[in-house]
Amino acid sequence: LQHPNVVRFIGACWHSLDAVHLVVEYMNLGDLKDHLDIHVAMPWSRKVQCAHDVAAALVYLHDQNIIHRDLKSRNVLLDTHKPSKLSDFGISRELVSRTMSHEVGMLLSELDTHKVPFDGMTTEFGDVMVPMAVVMKIMQGQIKVAPSPSCPPPIALLLNHCTQFDPMLRPTAVELLHRLQQLDVARL
1 LQHPNVVRFI
11 GACWHSLDAV
21 HLVVEYMNLG
31 DLKDHLDIHV
41 AMPWSRKVQC
51 AHDVAAALVY
61 LHDQNIIHRD
71 LKSRNVLLDT
81 HKPSKLSDFG
91 ISRELVSRTM
101 SHEVGMLLSE
111 LDTHKVPFDG
121 MTTEFGDVMV
131 PMAVVMKIMQ
141 GQIKVAPSPS
151 CPPPIALLLN
161 HCTQFDPMLR
171 PTAVELLHRL
181 QQLDVARL
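Under full-length UniProt numbering, the first residue of the sequence shown is numbered 1, with each subsequent residue one higher.
Printed below as a string of structure tokens:
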């Protein structure tokens, strides 16, 4: 895979079959999750650029008939002098549908709030819910990702479209990229 928004694979080394190490391009700012945790005042212009870079990577991957399947802030790498890059293709598969997963909306939510959606969600008894219980609540329509009150309206609208329950109502990677390109970042 060769694209400006996909981390470059350099090689691998191993001592045994259960100790394989991948060597990938160095990204000096680490991953988006850590960056959002540290930089509370990250400007929307940078956030939109990051979302744009991820969307461009997804368009490329979908054109290669690859679906990422693990899109999250830990798998978006940042660098001072390079665009944001998508990484970790460990559970990627051949693309069988042109619909977009809800993960893009979750990433937009995280760019908005600097928090992983539903992380630390508790039951009515105060116990932290296991991830599968959260997934079940989402699938049953009991909970939905919502933009923060400070989220710019165009981003909030896009976030809501990307997290629609029906995958056919979500934008494709191409549509997402186009909508991000149309945003007037100066007005956010």
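Virtual Cβ for every residue (Gly too), placed ideally from N, Cα, C.
Keep in mind that this is a model prediction, so the values were computed, not measured.
Going by beta-carbon coordinates alone, are residue i and residue j separated by less than 8 Å?
i, j, result
"Val48", "Leu71", "no"
"Asp34", "Ser84", "no"
"Thr172", "His102", "no"
"Leu176", "Ala55", "yes"
"Val185", "Val59", "no"
"Asn160", "Leu86", "no"
"Ile155", "Pro147", "yes"
"Asp123", "Met129", "According to the sequence provided, residue 123 is Thr. The question's Asp does not apply to it. Contact: yes."
"Phe165", "Gly141", "yes"
"Phe89", "His68", "yes"
Take residue i as the anchor and find which of the options has the nearest alpha-carbon.
i, options, result
"Ser150", "Asp184, His114 and Val76", "His114"
"Leu180", "Cys50, Met27 and Val7", "Cys50"
"Ala12", "Arg46, Val24, Leu36 and Asp63", "Val24"
"Ala41", "Leu111, Asp79, Leu17 and Met168", "Leu111"
"Val135", "Ser148, Pro167, Pro147 and Phe118", "Phe118"
"Trp178", "Leu188, His81, Leu158 and Phe89", "With the sequence shown as reference, residue 178 is identified as His, and Trp is not the correct amino acid for it. Looking at the Cα atoms, Leu158 is the closest of the given residues."
"Pro153", "Ile67, Thr80 and Ser109", "Ser109"
"Met27", "His81, Val145, His68 and His62", "His81"
"Leu183", "His3, Ser16 and Arg46", "Arg46"
"Phe9", "Leu17, Leu22 and Ser16", "Leu22"
"Val116", "Ser16, His68 and Asp37", "Asp37"
"His3", "Ala57, Leu169, Asn65 and Ile143", "Ala57"
Our contact map puts residue i next to residue j with C-beta atoms below 8 Å; I'd like the distance itself, whole angstroms only.
i, j, result
"Arg74", "Asp31", "5 Å"
"residue 222", "Leu78", "Because residue 222 is not part of the residues shown, which for the chain are 1 to 188, the question remains open."
"Trp14", "Val7", "So it is not a contact: roughly 20 Å between Cβ atoms."
"Val145", "Met106", "6 Å"
From the DSSP output, which residues share a beta bridge with residue i?
i, result
"Ile38", "Answer by DSSP bridge pairing: none, since Ile38 is not bridged."
"Thr122", "Val128"
"Val20", "Trp14"
"Leu77", "Asp31 and Lys85"
"residue 235", "Since the first and last residues shown for the chain are 1 and 188, residue 235 lies out of range."
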